[in-house]
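*Asks:* One structure follows; several queries about it will come next.
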Amino acid sequence: MLSPDFILSKLAYFIKSDVVIVMNQLNDLSSQVLELCKNKDNSIEPSSVSDHIQSVVMNFLSATPNDFDRAIEHLELFISSSVPKAFVTLYLNQNYTMIASICIREFINSLKSDSLTPIYAFITDDGLYQICRSSLGAMIESTGIARCKHDQEKLVSFNDVFPFLMEISSELSLDLDSTMGTFGYEGLSFTLVRDFTAFVLPVWNVLQLLDNDTHEGKFYEKIGLPLCKMFYDLLAKMACSLRLLGSKEEREDILIVPWWSLYLDILKDLHSISKLYINMENDFWQIMKQVKGSLCYLIAKFGEESEHYEWFFEHKEVTNFYIWRQLAMMMLPEVEDNVEDQYRMLIDRSKLLVDSFKCIAKLEYLPGSFFVKFKEKQATDLVC
């Protein structure tokens, strides 16, 4: 009968042998890629090598074990080899960019396999991962993401970004749960809300332009359900948070904390998402009517001229007269006491409102001062 030690030693030998074989294959692959990069005189036919390179990559990835720990070890062989560097070099070569692109995409897509899902459970709480995610959000917020008209494969950029939005919304939902009804300085994460906004904007820009009569419409149906779930989950959490805030706002001893301003940011993003469906938009405004008092309180305390609150004007019943006045004043440009920007009017006193409105209604005149002179009267200075 074979002893356990003998069996383990043989097993270790075979495993080690497999590792050596894989490493030799990867080293050969790296050498072939680098040789192709040096092919300046086109003596090597790209098509003859590309199939072999892709075949080696596919064979390596298909051999990834289902066990999580072994899968990590398997992929570490690839990462520790010189193949990634060789692929980058190949990608930068205009003649072979497509070959490298296919291989790199295959490797990235392999990370989405079921055997590696525990990685995501770990990295979402990792500080470095969150910094990278925030950086990605900042980039796509300004540059936008791709959309397609007929071919779903062209939606790679959108498909890569949308899961981040779902991930961030889940974290934001938990954050709203944990801070609901709390009034201390520790509350909602400014970084998390900023990331949510950064990913909502480009995703919304793509979805609002999708054509329902083409292949894009079918894609829209696939992401519609998770998007609706995300929207109604966050809307419900926001409604509860604002109701609890409303029950405390009349107390004189209540401590006003900065993170309450994030409620307005979240509501603005949810309002944008609600525009994608008629029912969602109706439900959004119904909730806003229910928390009218809290909305007015937040705008009064945290409303800033640098923010955009135009969306509140769509339904005046969710605010009151004083908030409307505050929002309107914030939208007006600041008046500057500059002699060069003075505007002169010669008007009939009996037509003061009619004639002056023609000037006041022009946006470019608002930041300046007016010098008014009445017809058949002595000059009078009226600074508006």
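Residue numbers (my numbering): 269 to 652.
In this text, a Cβ means the ideal position worked out from N, Cα and C, and glycines have one as well.
1) With E409 as the anchor, note down where its alpha helix (DSSP H) starts and where it stops.
2) Would you mind giving the Cβ-Cβ distance between L502 and S437, rounded to the nearest angstrom? I have them listed as a contact below 8 Å.
3) Tell me where the alpha helix (DSSP H) around M467 begins and ends.
4) What is the rounded straight-line gap between the Cα of Y545 and the Cα of L493?
5) Taking all protein chains shown into account, do 16 or more other C-beta atoms lie within 10 angstroms of the C-beta of Y653, making it buried, or fewer, making it exposed?
6) Going by Cα to Cα distance, which pick from K557, C564, S350 and T332 is closest to L343?
7) According to the neighbour-count rule (16 or more other Cβ atoms, all chains shown, within 10 Å of its Cβ), is K232 buried or exposed?
8) Report back the beta-carbon spacing between L358 and I367 to the nearest angstrom; my notes put them in contact at under 8 Å.
9) Could you pull the start and end residues of the alpha helix (DSSP H) that H539 belongs to?
10) Taking the beta carbon of M506 as the centre, do at least 16 other beta carbons fall within 10 Å, making it buried, or is it exposed?
11) Give every residue of the same chain whose Cβ lies closer than 6 Å to the Cβ of W527, excluding the five residues on either side of it in the sequence, and list them in chain order.
12) Quick test of your reading: K536 and W579, contact by CB under 8 Å. State the CB separation rounded to the nearest angstrom.
13) Count the other CB atoms, across all protein chains shown, that sit within 10 Å of the CB of Y590; report buried if there are 16 or more and exposed otherwise.
14) Skipping 5 residues on each side, what residues in its chain have a beta carbon closer than 7 Å to that of M498?
15) Give the single residue among N377, Y531, N295 and F430 whose Cα lies nearest to the Cα of F346.
16) What are the uninterrupted segments assigned as beta strand (DSSP E) that are 3 or more residues long and contained completely in the segment 328-373, given in chain order?
17) Less than 8 Å between the CB atoms is what I'm expecting for G561 and M598, so what's the real figure, rounded?
18) Could you check which residue in R593, Q558 and G412 has the C-alpha nearest to that of A568?
19) Where does K560 sit, in a helix, a strand or coil, going by DSSP?
20) Could you check if P431 is buried or exposed, using at least 16 other CB atoms within 10 Å of its CB as the buried criterion?
21) For the putative contact between S402 and T459, defined by C-beta atoms under 8 Å, what is the C-beta separation to the nearest angstrom?
22) Apply the 10 Å Cβ neighbour rule to D463 and answer buried if 16 or more other Cβ atoms are within range, or exposed otherwise.
23) Determine the closest residue to W553 out of L530, I376 and V586, with distance taken between C-alpha atoms.
24) Reducing DSSP to helix, strand and coil, say where V288 ends up.
25) Measuring straight from C-alpha to C-alpha, what distance separates S369 and P352?
26) Does the distance from the C-beta atom of E374 to that of L444 stay below 9 Å?
27) Helix or strand or just coil, what does DSSP make of F580?
28) Are the beta-carbon atoms belonging to L566 and L512 less than 9 Å from one another?
29) Taking its Cβ as the centre, do 16 or more other Cβ atoms sit within 10 Å of I491, making it buried, or is it exposed?
30) Determine the DSSP secondary structure at M448, reduced to helix, strand or coil.
31) I believe A504 touches A466 by the beta-carbon criterion, under 8 Å. Please report the beta-carbon distance rounded to the nearest angstrom.
32) With 16 as the cutoff for other CB atoms within 10 Å, does C665 come out buried or exposed?
33) Out of Q362, E409, L469 and M326, which one is the CA nearest neighbour of I376?
*Replies:* Straight from the coordinates:
1) G395 to T411
2) 6 Å
3) Before going further, note that residue 467 is Phe rather than Met in the sequence given. DSSP places F467 inside the alpha helix (DSSP H), whose first and last residues are F458 to L475.
4) 12 Å
5) Outside the shown range of the chain, which is 269 to 652, sits residue 653, and nothing can be said about it.
6) T332
7) Absent from the model: residue 232. The displayed extent of the chain is 269 to 652, so no value can be given.
8) 6 Å
9) Residues L530 to S542.
10) By the C-beta density criterion, M506 is buried, having at least 16 other C-beta atoms within 10 angstroms.
11) Excluding residues up to 5 positions away in sequence, G455 and L456 lie with their Cβ nearer than 6 Å to the Cβ of W527 in the same chain.
12) 6 Å
13) exposed
14) M434 and S437
15) N295
16) Taking only runs of at least 3 residues, no beta strand (DSSP E) segment lies wholly in the segment 328-373.
17) G561 to M598, Cβ: 20 Å. No contact.
18) R593
19) helix
20) Exposed is the call here.
21) 6 Å
22) buried
23) V586
24) helix
25) 12 Å
26) no
27) helix
28) no
29) buried
30) coil
31) About 23 Å; that fails the 8 Å criterion.
32) Residue 665 is absent from the model: the chain starts at 269 and stops at 652.
33) M326
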